[in-house]
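Asker:
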Amino acid sequence: MPDKSTGSTVASPQKKYPLPKIVKPKALAGTVYRGNVGMWSWVLHRITGVAIFFFLLVHILDSTLLRVSPEAYNAVIGTYKNPIMGLGEVVLVAAIGIHALNGLRVILVDFWAWGMKHQKLLQWIGLALWIILLIGFVPRHLINVFSE
Amino acid sequence: MTVTIDSPRASTTKHHKGINLEKWGWVFMRASGVLLVVLIFGHLFVNLMIGHGVKALDFAFVGGKFSDPFWQVWDMLLLWFALIHGANGMRTVINDYAHNRLVGVVLKSFILLATIVLLTLGTLVIYTFDPCPAGSPADLLPSFCAGV
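Going line by line, the protein sequences match chains A and B. Just so it is clear: in the first sequence, position 39 is 626 by our numbering, and no numbers are missing. Just so it is clear: in the second sequence, position 72 is 689 by our numbering, and no numbers are missing.
1. Name the chain B residues whose beta carbon is nearer than 9 Å to that of F561/A?
2. Can you tell me which of L674/A, I639/A, W629/A, T651/A puts its alpha carbon nearest to the alpha carbon of F724/A?
3. Helix, strand or coil for D685/B? Go by DSSP, reduced to three states.
4. Can you grab the Cα-Cα spacing for the pair S650/A / V690/B, in whole Å?
5. Examine chain A for any beta-carbon lying closer than 8 Å to the beta-carbon of M693/B, and answer yes or no.
6. What are the start and end residues of the alpha helix (DSSP H) that includes Y660/A?
7. Just to confirm, are L708/A and V696/A a CB contact at a threshold of 8 Å?
8. Sort L719/B, S726/B, M646/B by Cα distance to G690/A and report the nearest one.
9. For the stretch 642-674 of chain A, which residues have a CB atom closer than 8 Å to at least one CB atom of chain B, in sequence order?
10. I need the straight-line Cα distance from A681/A to V654/B, nearest angstrom please.
11. If you count every other CB in all the chains shown that lies within 10 Å of the CB of S760/B, and 16 or more means buried, which is it?
12. Looking at the unbroken alpha helix (DSSP H) that takes in L695/A, where does it start and where does it end?
13. Counting along the chain, where does the alpha helix (DSSP H) carrying L724/B start and finish?
14. Identify which residue in I711/B, V620/B, V742/B has its Cα closest to the Cα of H646/A.
15. Buried or exposed, going by whether 16 or more other CB atoms sit within 10 Å of the CB of P589/A?
16. Under 8 Å between C-beta atoms, does V677/A make it to chain B?
17. Does the stretch 699-715 of chain B come close enough to the stretch 635-649 of chain B that 3 or more CB-CB pairs lie under 8 Å?
18. Can you round the beta-carbon distance between Y684/A and W711/A to whole angstroms, since I take them to be within the 8 Å contact cut?
19. I want to see whether chain B comes within less than 8 Å of G690/A, judged by CB atoms only; does it?
20. Would you mind working out which of L679/A, G665/A, H632/A, A659/A sits nearest L688/A, comparing C-alpha positions?
21. Give the range of the alpha helix (DSSP H) segment to which A715/A is assigned.
22. For I671/A, tell me which candidate among L606/A, G636/A, F733/A has the shortest Cα-Cα distance.
23. Which first and last residues belong to the alpha helix (DSSP H) in which M626/A is found?
24. Quick one: grab the DSSP three-state call for A763/B.
25. Alpha helix (DSSP H) containing R654/A: first to last residue?
26. Let me see if you follow: with CB-CB separation under 8 Å, is L652/B close to chain A or not?
27. Under 8 Å Cβ to Cβ from I728/B, same chain only, skipping five residues before and after it: list those, please.
28. Taking the CB atoms as reference points, tell me whether T737/B and L696/B lie closer together than 8 Å.
29. With distances taken Cα to Cα, identify the nearest neighbour of G670/B among L661/B, A677/B, F676/B.
30. Rounded to whole angstroms, what's the CA-CA distance from A763/B to N661/A? Just pull it up for me.
31. Leaving out five residues on either side along the sequence, give the residues of the same chain with a beta carbon under 6 Å from the beta carbon of M703/A.
32. Could you spell out the range, first to last residue, of the alpha helix (DSSP H) harbouring K672/B?
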């Protein structure tokens, strides 16, 4: 972390080296992960991650019915097609979209100085891509779920 | 009681012996995350967007997909990377919130057990899947089963 993020320092015993210039942060908010949009992205990343994990457990278990019988598999995958589950799939894809786009943003911020510098811009790009993803997915999926 | 801490500006760095598992876990989350973006959105596009989407999902649909080694490899990678990525994420969450050591160990054991069981089951399903099980009604099976 850069020196300016440090709030206090101890007087250096070696006088010949100049002390680094310390700038006191104006507020606790405004660091990369704390207080601002970045913190809420982190919260959403956790919530969506845990939710997707539990869906994944169920989804692997329902796939094991492929080895039981076609009837058993069709009975369970058939429940994915009812309207309530159809809306659940919208929530699932929205959650996956948040987790994926925020994950990519975190990678850009972690690995490139450019990403760190423009992390707020990346938040808005992520939000825009998320909306585009849902515009592409939701109407088509709902038509499939609610048709016939 | 006085606590002595190392000078934060000490010029020496401590070299820990062995590999830093937490660091490699951190790297794995980012590397697998990028791969999972491709694997999951590919999976969602083929299963929920193309054709009649969720309404077309049944044993015959999966049988048709798994007759192509491409989708077997795709789903195998999806199974392993998604589950390990998710389990490691859950481990992080438990480490953050389970302040009681025993509770943390028990919860993480559940995650580890579920991961091992589901990786085994899922891998067996993909490897041993039979798209044309004997004695099943032909209308539930992929169309190519008629010629077998």
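Beta carbons are placed, not taken as given, at the ideal position from N, Cα and C, and that holds for glycine. Keep in mind the model is a prediction, meaning the values are calculated, not measured.
Answerer: Taking the geometry as given:
1. Shown here, chain A extends from 588 to 735; a query on residue 561/A therefore has no answer.
2. L674/A
3. coil
4. In a straight line, the C-alpha of S650/A is about 16 Å away from that of V690/B.
5. no
6. 657-665
7. no
8. Closest option to G690/A, Cα to Cα, is M646/B.
9. L643, L644, I647, L648, S650, T651, L653, R654, S656, P657, E658, Y660, N661, I664, G665, Y667, K668, G673
10. A681/A and V654/B have their C-alpha atoms spaced approximately 13 Å apart.
11. Exposed, because fewer than 16 other Cβ atoms sit within 10 Å of the Cβ of S760/B.
12. 670-698
13. 718-745
14. Selected option, being the one with the closest Cα: V742/B.
15. Low local confidence applies: a pLDDT of 48 at P589/A is under 50, so the model's placement there is unreliable, with the coordinate-based value given in what follows. By the 10 Å Cβ count, P589/A comes out exposed.
16. The Cβ of V677/A sits no closer than 8 Å to any Cβ of chain B.
17. The stretch 635-649 of chain B vs the stretch 699-715 of chain B: in contact.
18. It should be pointed out that residue 684/A corresponds to Gly in this sequence rather than to Tyr. About 15 Å separates the beta carbons of G684/A and W711/A, which is beyond the 8 Å limit, so they are not a contact pair.
19. yes
20. H632/A
21. 706-733
22. With distances taken between Cα atoms, I671/A lies closest to F733/A.
23. Where M626/A is concerned, the enclosing alpha helix (DSSP H) stretches over 624-650.
24. helix
25. Run containing R654/A: none; DSSP gives neither H nor E here.
26. no
27. A704, M707, R708, I711
28. No; because the gap between Cβ atoms is not below 8 Å, this pair is not in contact.
29. L661/B
30. 19 Å
31. Its chain contains V696 as the residues whose beta carbon lies nearer than 6 Å to that of M703/A, once the 5 sequence neighbours on both sides are disregarded; these appear in chain order.
32. No alpha helix (DSSP H) contains K672/B, which DSSP labels as neither H nor E.
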